[in-house]
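FYI, the numbering for the sequence shown is 21 to 368, going by the numbering used here. Even glycine gets a Cβ: it sits at the ideal position worked out from N, Cα and C.
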Amino acid sequence: MGKSKVLKLFACCVPVKGSARSIIYDLQRRRYFIIPNALYDILQTEMGKTIDEIKGIYSADEHEIFDRYLRFLIDNEIVFECAEDYVHLFPSIDFSWESAFVLENFILDIDEFSNHDFAYIINELSDLNVRVLQLRLFSQIAKKQLDQILRQITGSNIRTVELVMPLSYLEFDSACFVEEFTKISNLIIYGAEEDVIHSHKQANIVYTKAIVRSEKDCGLVEQDLFSCNLKFFCEAQQFNTCLNRKLAIDKHGEIRNCPAMKDSYGNIKSHSLRAVLKKMAELKTNWSICKDKISVCKDCEYRYMCHDCRAFITNPSDKYSQPAKCDYNPYVAKWKGEKGFIPVEDMK
Ligand code: SF4
Numbered sequence: 021m022g023k024s025k026v027l028k029l030f031a032c033c034v035p036v037k038g039s040a041r042s043i044i045y046d047l048q049r050r051r052y053f054i055i056p057n058a059l060y061d062i063l064q065t066e067m068g069k070t071i072d073e074i075k076g077i078y079s080a081d082e083h084e085i086f087d088r089y090l091r092f093l094i095d096n097e098i099v100f101e102c103a104e105d106y107v108h109l110f111p112s113i114d115f116s117w118e119s120a121f122v123l124e125n126f127i128l129d130i131d132e133f134s135n136h137d138f139a140y141i142i143n144e145l146s147d148l149n150v151r152v153l154q155l156r157l158f159s160q161i162a163k164k165q166l167d168q169i170l171r172q173i174t175g176s177n178i179r180t181v182e183l184v185m186p187l188s189y190l191e192f193d194s195a196c197f198v199e200e201f202t203k204i205s206n207l208i209i210y211g212a213e214e215d216v217i218h219s220h221k222q223a224n225i226v227y228t229k230a231i232v233r234s235e236k237d238c239g240l241v242e243q244d245l246f247s248c249n250l251k252f253f254c255e256a257q258q259f260n261t262c263l264n265r266k267l268a269i270d271k272h273g274e275i276r277n278c279p280a281m282k283d284s285y286g287n288i289k290s291h292s293l294r295a296v297l298k299k300m301a302e303l304k305t306n307w308s309i310c311k312d313k314i315s316v317c318k319d320c321e322y323r324y325m326c327h328d329c330r331a332f333i334t335n336p337s338d339k340y341s342q343p344a345k346c347d348y349n350p351y352v353a354k355w356k357g358e359k360g361f362i363p364v365e366d367m368k
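Laid out in structure tokens, this is it:
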């Protein structure tokens, strides 16, 4: 009896149901499979049974489609047959999320009019052990000044830097640059003639045709930007995938959750980041706006791989409304431009 083989989902493969279709997130191999909701229901209710037992539930004319589902699931290593006695040896993954960092992400925006005291700000960030600092240059600053900022970061507790900068420095050698500044994990150079990505040493070097001239050039929702992985999935269960454990200083020195959000918690010239973090209950509320609380997104199968945006939303008076730059309608499972697409607002 206990020796019969039952179907079991690999623990890293998680089905997520949307309004019109579902997705299997393969969190270990960082890939995903779009499936019909009928297959989602099978995965939810029939695991732990033998193939014959499951087939017995369906009428003979449904067996062909079940066989096709089964082939797909086994070929892609989404399910496996497991001796019933050994099922307990394959426990589920704990999807709770914790972080040792007070701030996981920090954005520092700079344009030609910014008057930041970089030494002071980097000391503050070092004191807070910020994990990732994103430096965004909306315009060119003197190369000497940029080098000085990066040298100070090198000697700080900030773990890694993502540098977003224009393609404007003459004779700039990106490979030498990331070799010199070893905390750079991502170097994103915008305004390039073509999109090119390569790795060098510790860094990804990205040349992009996109233009990043202000904090408004953010908040895009595109399939290319989705993150199907365990860390992101776990965080998305309870927290906002953009704002959680994030703080920013905008180009004017205002401290915000994100530079594009309207609420300021004071200017860095007169407020310490630690003091802001202590006082801001509202900030923590933003951090907890997970996708399951957001209109439309809560019905979307992409919700645990999609980077949220609270700065640009469809209804600015409702902080739980859908990201305004999203062109996906989960109720018809279509992206804008696809045949059959209808804007979500036209369905109300
Ligand atoms: S509906 Fe929400 S979760 Fe789905 S793609 Fe758009 S923004 Fe992402």
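Run through DSSP, which three-state label would Y210 get?
-> To locate residue 210, count along the sequence shown from 1; it is residue 190. It is a strand residue.
M185 in three-state terms, based on DSSP = One-based indexing of the sequence shown puts residue 185 at position 165. The answer is strand: DSSP assigns M185 an E or B state.
According to the Cβ coordinates, are P279 and D137 closer than 8 Å?
-> The residue labelled residue 279 in the question sits at position 259 within the sequence shown. The residue labelled residue 137 in the question sits at position 117 within the sequence shown. Cβ distance not < 8 Å, so P279 and D137 don't count as in contact.
Measure the C-alpha to C-alpha separation of D215 and D270 and round it to an integer number of angstroms.
-> Taking the first residue of the sequence shown as 1, we reach residue 215 at position 195. Taking the first residue of the sequence shown as 1, we reach residue 270 at position 250. The alpha-carbon atoms of D215 and D270 are separated by roughly 27 Å.
Can you say whether E73 is buried or exposed, counting buried as having 16 or more other CB atoms within 10 angstroms of its CB?
-> Along the sequence shown, read from residue 1 onward, the residue named residue 73 stands at position 53. E73 should be labelled exposed.
Comparing the CB of F278 with every heavy atom of the ligand SF4, is any distance shorter than 7 Å?
-> As a position in the sequence shown, residue 278 is number 258, starting the count at 1. Correcting the residue identity first, residue 278 is Cys in this sequence and not Phe. Between the ligand SF4 and the CB of C278, the shortest heavy atom gap is not smaller than 7 Å.
Between the beta-carbon of I208 and the beta-carbon of L183, is there less than 8 Å?
-> Position 188 of the sequence shown, counted from the start, is the residue given in the question as residue 208. Position 163 of the sequence shown, counted from the start, is the residue given in the question as residue 183. Cβ distance < 8 Å, so I208 and L183 count as in contact.
In the DSSP assignment, find the unbroken beta strand (DSSP E) run with Y285 in it and report its ends.
-> The residue you call residue 285 lines up with position 265 of the sequence shown. No beta strand (DSSP E) holds Y285; DSSP gives it neither H nor E.
Where V107 falls: helix, strand or coil (DSSP) = Residue 107 sits at position 87 when you count from the first residue of the sequence shown. Three-state result, V107: helix.
Buried or exposed (CB count within 10 angstroms, at least 16 for buried), K282 = As a first step, residue 282 must be located in the sequence shown, where it is residue number 262. Classification of K282: exposed, given that the 10 Å Cβ count is below 16.
Flag this pair as yes or no: are the beta carbons of S284 and E274 separated by less than 8 Å?
-> For the purposes of this step, residue 284 is taken as the residue at position 264 of the sequence shown. For the purposes of this step, residue 274 is taken as the residue at position 254 of the sequence shown. The answer is yes: Cβ separation under 8 Å.
Exposure label - E358; buried when at least 16 CB within 10 Å | Residue 358 sits at position 338 when you count from the first residue of the sequence shown. E358 is exposed by the Cβ-count criterion.
With a Cβ-Cβ cutoff of 8 Å, do Q160 and P186 count as a contact?
-> Residue numbering aside, residue 160 sits at position 140 when the sequence shown is read from its first letter. Residue numbering aside, residue 186 sits at position 166 when the sequence shown is read from its first letter. In this structure, P186 lies closer than 8 Å to Q160 by Cβ.
Hey, could you find the ends of the beta strand (DSSP E) H272 is sitting in?
-> On the sequence shown, residue 272 is found 252 positions in, with the first residue counted as 1. Counting along the chain, H272 falls outside any beta strand (DSSP E), and DSSP gives it neither H nor E.
R323 Cβ short of 7 Å to the ligand SF4 heavy atom set | For this step, residue 323 is matched to residue 303 along the sequence shown. Yes - the ligand SF4 has a heavy atom lying nearer than 7 Å to the Cβ of R323.
Within the present structure, is the beta-carbon of C326 separated from the nearest heavy atom of the ligand SF4 by less than 7 Å?
-> For this step, residue 326 is matched to residue 306 along the sequence shown. Answer for C326: yes, Cβ within range of the ligand SF4.
Would you report the Cα separation of E124 and A268, rounded to the nearest angstrom?
-> The residue labelled residue 124 in the question sits at position 104 within the sequence shown. The residue labelled residue 268 in the question sits at position 248 within the sequence shown. Note on geometry: alpha-carbon atoms of E124 and A268 lie some 11 Å from one another.
Indicate whether the contact test is met: 3 or more Cβ pairs, each with one atom in the segment 94–106 and one in the segment 239–247, closer than 8 Å.
-> Contact between the segment 94–106 and the segment 239–247 is absent: fewer than three C-beta pairs spanning the two stretches fall below 8 Å.
Cβ-Cβ distance between K313 and R323 below 8 Å = Looking up residue 313 in the sequence shown gives position 293. Looking up residue 323 in the sequence shown gives position 303. Their beta carbons are not under 8 Å apart, which means K313 does not touch R323 by this criterion.
Beta-carbon proximity check, K345 vs C329, cutoff 8 Å = In the sequence shown, residue 345 corresponds to position 325, counting from 1. In the sequence shown, residue 329 corresponds to position 309, counting from 1. At a Cβ-Cβ threshold of 8 Å, K345 and C329 count as neighbours.
Under the three-state DSSP convention, the category R51 falls into = Taking the first residue of the sequence shown as position 1, residue 51 is located at position 31. Looking at R51 - three-state DSSP - the assignment turns out to be strand.
Taking 8 Å as the cut-off, decide whether the C-beta atoms of G38 and E255 are in contact.
-> Taking the sequence shown and counting its residues from 1, the one referred to as residue 38 is at position 18. Taking the sequence shown and counting its residues from 1, the one referred to as residue 255 is at position 235. The answer is no: Cβ separation not under 8 Å.
Could you check the C-alpha separation between Y348 and K164 for me, to the nearest Å?
-> Within the sequence shown, numbered from 1, the residue matching residue 348 stands at position 328. Within the sequence shown, numbered from 1, the residue matching residue 164 stands at position 144. CA-to-CA, the gap between Y348 and K164 works out to about 44 Å.
For L166 versus L153, is the C-beta spacing smaller than 8 Å?
-> As a first step, residue 166 is located in the sequence shown; it is residue number 146 there, counting from the start. As a first step, residue 153 is located in the sequence shown; it is residue number 133 there, counting from the start. With a cutoff of 8 Å on beta-carbon distance, L166 and L153 are scored as not near each other.
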